[in-house]
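Using this note's numbering, the first residue of the sequence shown is number 3, and each one after it goes up by one.
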Amino acid sequence: MPHVAWPVDPGALWPFLVAVALVELTPGPNMAWLAALTVAEGRVAGLRAVAGVTLGLTIYMLASVVGVTGVIAAAPDVYAALRLAGVAYLLWLAFEAWRGAGDIAAGSGDGAAPFRRGLIANLLNPKAAVFYVTLLPGFIAPDHGAFWSQALILGAAHISVSVAIHAGIVLLADRMARYLGVTAPSPRTIALRRALAIGIGLVAVWLWWETRA
Numbered sequence: 003m004p005h006v007a008w009p010v011d012p013g014a015l016w017p018f019l020v021a022v023a024l025v026e027l028t029p030g031p032n033m034a035w036l037a038a039l040t041v042a043e044g045r046v047a048g049l050r051a052v053a054g055v056t057l058g059l060t061i062y063m064l065a066s067v068v069g070v071t072g073v074i075a076a077a078p079d080v081y082a083a084l085r086l087a088g089v090a091y092l093l094w095l096a097f098e099a100w101r102g103a104g105d106i107a108a109g110s111g112d113g114a115a116p117f118r119r120g121l122i123a124n125l126l127n128p129k130a131a132v133f134y135v136t137l138l139p140g141f142i143a144p145d146h147g148a149f150w151s152q153a154l155i156l157g158a159a160h161i162s163v164s165v166a167i168h169a170g171i172v173l174l175a176d177r178m179a180r181y182l183g184v185t186a187p188s189p190r191t192i193a194l195r196r197a198l199a200i201g202i203g204l205v206a207v208w209l210w211w212e213t214r215a
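Listed below in structure tokens is the structure:
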């Protein structure tokens, strides 16, 4: 039996990192909502939302190890319910962003709200579940170790890339908001936040279209 010091095939790790970076950089629910939230409520709220999104990804990653995500992807009714719930939640976030466009940057004062919304938005995103069913197994080599150990390592790598990109989106959105002078209520602030709300709504439509059967 050959000795294997590292469970993951080194030749597959870098292509996997490139693949997940491209996936995370593709405009989607997290990117649009994190930018809108940061402009509306500030950098701290945006980073709290990133923590919620990260927990959601971690839950899906652990679920993939025990096979739960495979059940979701293979059960049409479960997948359809998750898909519709995710689209509905994004539309609600878009409505909330539009309605609160004139609020002060401090937001509602509930510091845990961005974390909860980030977690819920990610758990209701069927593409997160499908990612761990379709993309991740393709980088697991049967002769390099147990499935669970490789899945955990690759999943942790994906989450690390996700955190870096999502945090970067928050910091960039915060810097742009400050540069454009939209950190306080003004007609320009309201216009920008409502434009971002429309963007979230369009992402919801895109998610509905992309995940249709």
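Ideal Cβ placement from N, Cα and C applies to all residues, glycine included.
For clarity, every value in this text was computed on a predicted model and none was experimentally measured.
Apply the 10 Å Cβ neighbour rule to VAL20 and answer buried if 16 or more other Cβ atoms are within range, or exposed otherwise. By the 10 Å Cβ count, VAL20 comes out exposed.
Can you tell me whether ASP79 is buried or exposed? The criterion is at least 16 other CB atoms within 10 Å of its CB, across all chains shown. When all chains shown are included, ASP79 counts as exposed.
Where THR28 falls: helix, strand or coil (DSSP): The answer is coil: DSSP assigns THR28 none of H, G, I, E or B.
From what residue to what residue does the alpha helix (DSSP H) around HIS2 run? Nothing about residue 2 can be read from this structure; the chain reaches only from 3 to 215.
Helix, strand or coil: how does DSSP classify ASP216 here? The structure shown does not extend to residue 216, since the chain spans only 3 to 215, so no value can be given for it.
I need the DSSP call for VAL10, collapsed to helix, strand or coil. The answer is coil: DSSP assigns VAL10 none of H, G, I, E or B.
Let me know the secondary structure DSSP gives ALA42 once reduced to three states. Note: ALA42 maps to helix in three-state DSSP.
Give me, in chain order, the residues of the same chain whose beta-carbon lies closer than 6 Å to that of TRP150; leave out the 5 immediate sequence neighbours on both sides. So the list reads VAL67, once near-sequence residues are dropped.
Grouping DSSP H, G and I as helix and E and B as strand, with all else coil, what is ALA130? ALA130 falls in the helix class under three-state DSSP.
Check whether the stretch 165-183 touches the stretch 48-56, counting contact only when three or more Cβ pairs, one atom from each stretch, lie closer than 8 Å. Cβ pair count under 8 Å is three or more, so yes.
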